[in-house]
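Visitor:
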């Protein structure tokens, strides 16, 4: 019997994967499980996008251009230009979700064994893309006490080796909800110029910035034409997680032409998803206003209510729709399992993502969980009540 | 300015990529270019599949299960069972095209530096998947004189090293149209058992087998439960190249669970494509009969007419819709460029894929081209006439 690969063994399970059986068992017992663990919004996909695919004119669903349909790329470039990002359609590759944009960037920019520095906690799936590409993730730790702000630049400097080839940030951040400031982005700009690194910026939550904070894209920074690489996606912006359409954007022509070779090998990005993505660019402004209002209400409610629970610390997220929350527990992996396997409150419980899965440094995140506020307020209220009672009853409570 | 990766430099351009500018120039001159170079069929996508997406019921396009929708996998398993392949839905991962199935299999089964043996000429994009996964392709040469039959097993044996972890075949074959016989498949079975190798079989052209030849799947072979890995796709079977839906099928549970981890990292396969793929399984039998009749007519016509041209040798393909053809030319790369840049016949010319791109061994395929017969007969007739006249006039003619 042939063995599977070592890198298969290295692949971490997703932070919530080991909880799935316990959630299923809870449901089988008749317990209603409220999902705070996933980034699947309940927001409707724009009608204009659904209509585009419902009115599909084609008789043959053909391969598209490997970089994505030119009409889509041109329209997407116009959107970027409208928010001050100076790119044209030749500087954009349409990808199969933001996931593939990261994979293509890692494959195109980094050799096996090269290193990227990423502030932790970070989006857990970066681990998978890095392992697939043979790239080493070097974490630099941000802290809840500091609302997960960018760690000091000296902490980055201390981690730089001859193999360091890039910095990755997610802005606004999944899982913390932190929005990097203009000053922080400029500090990173200096760092990547000093060490000639790629600056990879995952900006799929760009539209979700609260409290009049403005999003600064890596593409807005001056003098980074060769260094800046932006990842984008329709998943969150238009509530189109399932269509798997993203984008890789850079003014570095070598990078784009190399990434396109990997794109050509897989022929083309999903065709129907591209139709949806292109049509989505005509979404009326009111849609975004409504979505924004909905999320800001959810966030305000969630943060206020969570911080009322004794021992719970929830910094106020400035973007995205996640928050990393500190809980008064011994071990959030155990707590997240216990609340599914051994607890219910009036027939209900909650599923959360344990913090450890978002850290590379062993032992970090053990008293944190990630909560996604992608549910309506009534459901969030129930979830918070369940959590409050659970924390009162959890045997591993630590306060 | 940071450098791109070495593996980016290693990525070969697709066999026809360098011809694209010449084809565009020809079109700008007003020359009609007949495309014999691509595997994009002109056959209509089944109505039942198009209707499924036109009647899209969802209000939110959500992530699907990372392995693909269970309803789709269950239905696909039934189809496989109907052709004697004993698998259930837990032994199937829905992937983003057959491309991703290969990538996941390479990542899951092979470590960087491991080797797979592939009969050449082979589908050129295997190179891209191998480079992305850090895997080395070791070619074993098949010959046009032998209609591209499986090379002798002793040729495989001679190439096996401690790093050899698998054999890859494409059956029916792209680019040769060869269909491996029961005897050849059994020889390969013995080989993989003897050396404990994975047997990767790309079967995306399964339905395109002519002259009453029956397709034998790797999954039909006894005793290979842990070794056999099948790749599939809706692209050719249902003329749905653009939806990017494929499948990875294996009874090796370690492999499936490892591949699923890579699948989880990229969240899910395309959602709309899955709707199309699942609905396609209800395509009426008449569709396949019609398509089969169409292709057999095209093949018979093409093979007969090509072999009438002096110096041209075209073996009769038993499957798929490609044929590797020997031409009386000095260098098929030069000829394929010349016919676009310096030639037209009554305002028309043809684009073909030069043979060298399908071989790993340098110098092989220099007098071969791949021709796809995915055009209607009238167009094929014009293409053959153009080719005949071009060969009479080509300065590098060798006969």
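Chains as they are written, first to last, in our numbering: chain A, 98 to 496; chain B, 98 to 496. A virtual CB, placed ideally from N, CA and C, is assigned to each residue, including glycine.
Roughly how many angstroms separate the alpha carbons of residue 388/A and residue 125/B, rounded to a whole number?
Guide: Residue 388/A sits at position 291 when you count from the first residue of the first chain. Residue 125/B sits at position 28 when you count from the first residue of the second chain. Taking the straight line from one Cα to the other gives about 47 Å.
Visitor: In or out: residue 437/B buried (at least 16 other Cβ within 10 Å) or exposed?
Guide: Mapped onto the second chain, residue 437/B falls at position 340. The residue in question, residue 437/B, is buried, as its Cβ has 16 or more Cβ neighbours within 10 Å.
Visitor: Tell me, to the nearest whole angstrom, how far the beta carbon of residue 137/B is from that of residue 159/A; I am working on the premise that it is less than 8 Å.
Guide: Translated into the one-based positions of the second chain, residue 137/B becomes position 40. Translated into the one-based positions of the first chain, residue 159/A becomes position 62. With a Cβ gap of about 6 Å, residue 137/B and residue 159/A count as contacting.
Visitor: Can you give the Cα-Cα distance for residue 397/B and residue 403/B, rounded to whole angstroms?
Guide: For the purposes of this step, residue 397/B is taken as the residue at position 300 of the second chain. For the purposes of this step, residue 403/B is taken as the residue at position 306 of the second chain. Their backbone Cα atoms lie some 10 Å apart in a straight line.
Visitor: From what residue to what residue does the beta strand (DSSP E) around residue 263/B run?
Guide: Locating residue 263/B in the second chain gives position 166, where the first residue counts as 1. Start and end: 261-267.
Visitor: From the DSSP output, read off the bridge partner residues of residue 216/B.
Guide: Here residue 216/B corresponds to residue number 119 of the second chain, with the count starting at 1. Beta-bridge pairing links residue 216/B to 237/B.
Visitor: In chain order, what residues of the same chain have a beta carbon less than 8 Å from the beta carbon of residue 446/A, not counting five sequence neighbours either side?
Guide: What you label residue 446/A is simply residue 349 of the first chain in a count that begins at 1. Closer than 8 Å at the Cβ level, and outside the excluded window around residue 446/A, lie 123, 128, 129, 130, 131, 436, 437, 440, 483 and 487.
Visitor: Interface residues of chain B around residue 101/A at Cβ under 7 Å?
Guide: Numbered from its first residue, the first chain carries residue 101/A at position 4. Within 7 Å Cβ-Cβ: 205, 206, 351, 352 and 355.
Visitor: Taking DSSP as the reference, what is the three-state secondary structure of residue 253/A?
Guide: As a first step, residue 253/A must be located in the first chain, where it is residue number 156. The answer is helix: DSSP assigns residue 253/A an H, G or I state.
Visitor: Please report the Cβ distance between residue 466/B and residue 429/B, rounded to the nearest whole angstrom; I am assuming they are in contact, meaning their Cβ atoms lie under 8 Å.
Guide: Here residue 466/B corresponds to residue number 369 of the second chain, with the count starting at 1. Here residue 429/B corresponds to residue number 332 of the second chain, with the count starting at 1. Between residue 429/B and residue 466/B the Cβ distance is about 5 Å, and since that is below 8 Å, they are a contact.
Visitor: With the cut-off set at 8 Å, would you say residue 312/B and residue 276/B are in Cβ contact?
Guide: Residue mapping note: residue 312/B aligns to position 215 of the second chain, counting from 1. Residue mapping note: residue 276/B aligns to position 179 of the second chain, counting from 1. In this structure, residue 276/B lies closer than 8 Å to residue 312/B by Cβ.
Visitor: Can you give me the start and stop residues for the beta strand (DSSP E) that residue 329/B sits inside?
Guide: As a first step, residue 329/B must be located in the second chain, where it is residue number 232. Where residue 329/B is concerned, the enclosing beta strand (DSSP E) stretches over 325-330.
Visitor: Ignore the nearest five residues each way along the sequence and tell me which others in residue 300/A's own chain have a CB closer than 7 Å to its CB.
Guide: Sequence index remark: in the first chain, residue 300/A carries index 203 (1-based). Correct list, in chain order: 268, 314, 327, 328 and 329.
Visitor: Compare the C-alpha of residue 203/B against each of 411/B, 284/B, 355/B and 492/B and name the closest.
Guide: Here the question's residue 203/B lines up with position 106 in the second chain. Closest by alpha carbon: 355/B.
Visitor: Taking only runs that begin and end inside the segment 294-374 of chain A, name each unbroken alpha helix (DSSP H) of 4 or more residues, in chain order.
Guide: The qualifying runs are 350-362.
Visitor: Please state whether DSSP places residue 180/B in a helix, a strand or coil.
Guide: Taking the second chain and counting its residues from 1, one reaches residue 180/B at position 83. Three-state DSSP puts residue 180/B in coil, outside helix and strand.
Visitor: Per DSSP, residue 447/A forms a beta bridge with which residues?
Guide: Within the first chain, numbered from 1, the residue matching residue 447/A stands at position 350. Per DSSP, 131/A.
Visitor: What is the DSSP secondary structure of residue 472/A, counted as helix, strand or coil?
Guide: The residue labelled residue 472/A in the question sits at position 375 within the first chain. Three-state DSSP puts residue 472/A in coil, outside helix and strand.
Visitor: In chain B, which residues lie with their C-beta within 7 Å of the C-beta of residue 222/A?
Guide: Position 125 of the first chain, counting from 1, holds the residue named residue 222/A. Neighbours of residue 222/A on chain B, chain order: 362.
Visitor: With 16 as the cutoff for other CB atoms within 10 Å, does residue 362/B come out buried or exposed?
Guide: Here the question's residue 362/B lines up with position 265 in the second chain. It is buried - the Cβ of residue 362/B has at least 16 other Cβ atoms within 10 Å.
Visitor: Is residue 180/B buried or exposed, if buried means 16 or more other CB atoms sit within 10 Å of its CB?
Guide: In the second chain, the residue the question calls residue 180/B occupies position 83. Classification for residue 180/B: exposed.
Visitor: Rounded to the nearest angstrom, how far is the Cβ of residue 263/A from that of residue 295/A, given a contact under 8 Å?
Guide: Within the first chain, residue 263/A is the residue found at index 166, counting from 1. Within the first chain, residue 295/A is the residue found at index 198, counting from 1. Contact holds; Cβ gap of about 4 Å.
Visitor: Quick one: is residue 121/A near chain B, going by C-beta distance under 8 Å?
Guide: Against the first chain, residue 121/A aligns to sequence position 24. No - not a single Cβ of chain B is within 8 Å of the one on residue 121/A.
Visitor: For chain B, check one thing: does any of its Cβ atoms lie closer than 8 Å to the Cβ of residue 451/A?
Guide: Position 354 of the first chain holds residue 451/A. False, the Cβ-Cβ gap to chain B never drops below 8 Å.
Visitor: So what's residue 477/B in DSSP terms, helix, strand or just coil?
Guide: As a first step, residue 477/B is located in the second chain; it is residue number 380 there, counting from the start. In the structure shown, residue 477/B sits in a helix (DSSP, three-state: H, G or I).
Visitor: Answer with buried or exposed for residue 134/A, where buried requires no fewer than 16 other C-beta atoms within 10 angstroms of its C-beta.
Guide: One-based indexing of the first chain puts residue 134/A at position 37. Buried: at least 16 other Cβ atoms inside 10 Å.
Visitor: Considering only DSSP beta bridges, list what residue 423/A is partnered with.
Guide: In the first chain, the residue the question calls residue 423/A occupies position 326. According to DSSP, which records beta bridges pairwise, residue 423/A is partnered with 410/A and 465/A.
Visitor: If you follow the beta strand (DSSP E) that residue 190/A is part of, which residue opens it and which one closes it?
Guide: For the purposes of this step, residue 190/A is taken as the residue at position 93 of the first chain. Unbroken beta strand (DSSP E) run through residue 190/A: 189-192.
Visitor: Quick one: give me the first and last residue of the alpha helix (DSSP H) that residue 438/B is part of.
Guide: For this step, residue 438/B is matched to residue 341 along the second chain. Unbroken alpha helix (DSSP H) run through residue 438/B: 429-438.
Visitor: Can you pull the chain A residues whose beta carbon is under 8 Å from the beta carbon of residue 162/B, in chain order?
Guide: Translated into positions along the second chain, residue 162/B becomes position 65. Correct list: empty, because the minimum Cβ distance to chain A is about 11 Å.
Visitor: Could you tell me whether any Cβ in chain B is nearer than 8 Å to the Cβ of residue 137/A?
Guide: Position 40 of the first chain, counted from the first residue, corresponds to residue 137/A. Yes, its Cβ sits closer than 8 Å to a Cβ of chain B.
Visitor: Measuring only between beta-carbons, confirm whether residue 215/B sits less than 8 Å from chain A.
Guide: Within the second chain, numbered from 1, the residue matching residue 215/B stands at position 118. Residue 215/B does not count as touching chain A.
Visitor: By DSSP's criteria, residue 442/B is part of a beta bridge. Which residues make up the other side?
Guide: Here residue 442/B corresponds to residue number 345 of the second chain, with the count starting at 1. DSSP, once it has assigned bridges, lists 445/B as partnering residue 442/B.
Visitor: Using CA atoms only, rank isn't needed, just tell me which of 173/B, 144/B, 117/B and 305/B is closest to residue 393/B.
Guide: Counting from one through the second chain, the residue named residue 393/B turns up at place 296. It is 305/B.
Visitor: Which same chain residues, not among the five before or five after residue 281/B, have their C-beta less than 6 Å away from its C-beta?
Guide: Walking along the second chain from the start, residue 281/B turns up at place 184. So the qualifying residues of the chain are 247.
Visitor: If distances are taken between C-alpha atoms only, which option among 360/A, 369/A, 288/A and 371/A comes closest to residue 250/A?
Guide: Stepping through the first chain from its first residue, residue 250/A is reached at position 153. Nearest option by C-alpha distance: 288/A.
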